[in-house]
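Peer 1: Position 82 of the sequence shown, counting from 1, maps to 98 under my numbering, and the rest follow consecutively. The structure's right below; bear with me while I get my questions together.
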Amino acid sequence: MLALICVMSFFAKTTSFAATVKTVDMQDLGSGMYAYLGMLKNSKTTMYHRIKIEKKGLLLVTGGIFTSDGERYGMNTCLYDSNRRSLEPYGKSYVDATTEKFVVYGVNPGTYYIQVKNQKYYQISAAVLTAKDYGGVSKKKAQTLVHKKRLGGLVPAG
């Protein structure tokens with residue numbers, strides 16, 4: 017009986033530190049601005065921040081982690097599509113709000129997730145800007161380029 021209690025207490029203790037996965041909606045601040053402030057109980061949590069894009073455009077993401085001492089640092093993020101397929105390798109997108117480092121994605125309308133891993137205290141912000149897509153899927157629909165005229169475009173993620 018004593019051995020059974022020891023084994024059960026060992027498993028209860030180790031499973032309490034297991035990693036968890038959560039999905040949250042980012043808070044809509046209006047005018048295409050979104051934010052989320054994460055204050056989690058443990059740092060072994062993977063958070064997916066859901067954001068819904070209404071029109072084709074640009075998604076700008078920034079954020080950072082902060083310690084209990086008030087120190088601020090940058091962090092890694094990753095963009096996922098509506099089926100939670102990664103659109104980039106984790107760690108490729110480093111953002112830091114204090115040094116104004118952000119990442120920009122071209123996005124189509126739909127639901128996207130921004131992943132943050134293993135952070136206890138953090139904040140993440142996103143902005144959605146509409147942009148015109150001049151790309152054509154066929155030669156007939158393609159935009160004509162004119163010499164010495166600037167033309168911007170959009171390449172959606174994924």
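Backbone N, C-alpha and C define an ideal beta-carbon position, used for all residues, glycine too. Predicted model only: the values in this text are computed from it and were never measured.
(1) What number of angstroms, rounded off, separates the C-alpha of Thr31 from the C-alpha of Thr61?
(2) Put Lys157 into one of helix, strand or coil per three-state DSSP.
(3) What residue range is occupied by the uninterrupted beta strand (DSSP E) comprising Thr115?
(4) Tell me Gly126's beta-bridge partners as DSSP assigns them.
(5) Note down the Cα distance separating Ile81 from Ile67, rounded to an integer number of angstroms.
(6) Go ahead and pull the three-state DSSP assignment for Pro172.
(7) Let me check understanding here. Comparing Cα to Cα, which of Thr115, Thr93 and Val171 lies closest to Pro105?
(8) Assuming the contact rule is C-beta atoms closer than 8 angstroms, Gln131 and Tyr89 should be a hit. Round their C-beta distance to whole Å, please.
(9) For Lys165, which residues from the same chain have a beta carbon less than 7 angstroms from its beta carbon, with the 5 sequence-adjacent residues on both sides left out?
(10) Taking 8 angstroms as the cut-off, decide whether the C-beta atoms of Leu75 and Ala147 are in contact.
(11) Can you tell me where the beta strand (DSSP E) holding Leu95 begins and where it ends?
(12) Taking the alpha-carbon of Ser59 as reference, which of Asp149, Asn134 and Leu145 has the nearest alpha-carbon?
(13) Mapping DSSP to helix, strand and coil, what is Gly152?
(14) What are the boundary residues of the beta strand (DSSP E) that includes Leu103?
(15) Throw me the rounded Cβ distance for the Val111 and Thr78 pair, which I believe falls under 8 angstroms.
(16) Under a three-way DSSP split, which group does Leu145 fall into?
Peer 2: Checking against the coordinates, here is how it stands:
(1) Taking the first residue of the sequence shown as position 1, residue 31 is located at position 15. Taking the first residue of the sequence shown as position 1, residue 61 is located at position 45. The predicted model places Thr31 with a pLDDT of 39, which falls under 50 and marks its position as unreliable; any figure quoted below should be read in that light. If I take the Cα positions, the gap works out to 13 angstroms.
(2) Taking the first residue of the sequence shown as position 1, residue 157 is located at position 141. DSSP places Lys157 in the coil class of the three-state scheme, outside both helix and strand.
(3) Here residue 115 refers to the residue found at position 99 when the sequence shown is read from its first residue. Thr115 -> no beta strand (DSSP E), and no H or E assigned at all.
(4) The residue given as residue 126 occupies position 110 in the sequence shown. Note: Gly126 sits in a beta bridge opposite Ile69.
(5) Position 65 of the sequence shown, counted from the first residue, corresponds to residue 81. Position 51 of the sequence shown, counted from the first residue, corresponds to residue 67. Looking at the two C-alpha atoms, the distance is approximately 20 angstroms.
(6) Taking the sequence shown and counting its residues from 1, one reaches residue 172 at position 156. It is a strand residue.
(7) Residue 105 sits at position 89 when you count from the first residue of the sequence shown. Comparing alpha carbon positions, the residue from Thr115, Thr93 and Val171 closest to Pro105 is Thr93.
(8) Here the question's residue 131 lines up with position 115 in the sequence shown. Here the question's residue 89 lines up with position 73 in the sequence shown. 18 angstroms between Cβ atoms; not a contact.
(9) For the purposes of this step, residue 165 is taken as residue 149 along the sequence shown, with counting starting at 1. Closer than 7 angstroms at the Cβ level, and outside the excluded window around Lys165, lies no residue.
(10) Residue mapping note: residue 75 aligns to position 59 of the sequence shown, counting from 1. Residue mapping note: residue 147 aligns to position 131 of the sequence shown, counting from 1. In this structure, Ala147 does not lie closer than 8 angstroms to Leu75 by Cβ.
(11) Within the sequence shown, numbered from 1, the residue matching residue 95 stands at position 79. For Leu95, the enclosing beta strand (DSSP E) has its first and last residue at Met91 to Tyr96.
(12) For the purposes of this step, residue 59 is taken as residue 43 along the sequence shown, with counting starting at 1. Here the closest residue by C-alpha is Asn134.
(13) Start at 1 with the first residue of the sequence shown, and residue 152 comes out as number 136. DSSP places Gly152 in coil when its eight states are reduced to three.
(14) The residue given as residue 103 occupies position 87 in the sequence shown. Taken as a continuous stretch (DSSP letters only), Leu103 belongs to no beta strand (DSSP E), as it is neither H nor E.
(15) Walking along the sequence shown from the start, residue 111 turns up at place 95. Walking along the sequence shown from the start, residue 78 turns up at place 62. The pair is a contact, with the Cβ atoms about 5 angstroms apart (cut-off 8 angstroms).
(16) Along the sequence shown, read from residue 1 onward, the residue named residue 145 stands at position 129. For Leu145, the three-state secondary structure derived from DSSP is strand.
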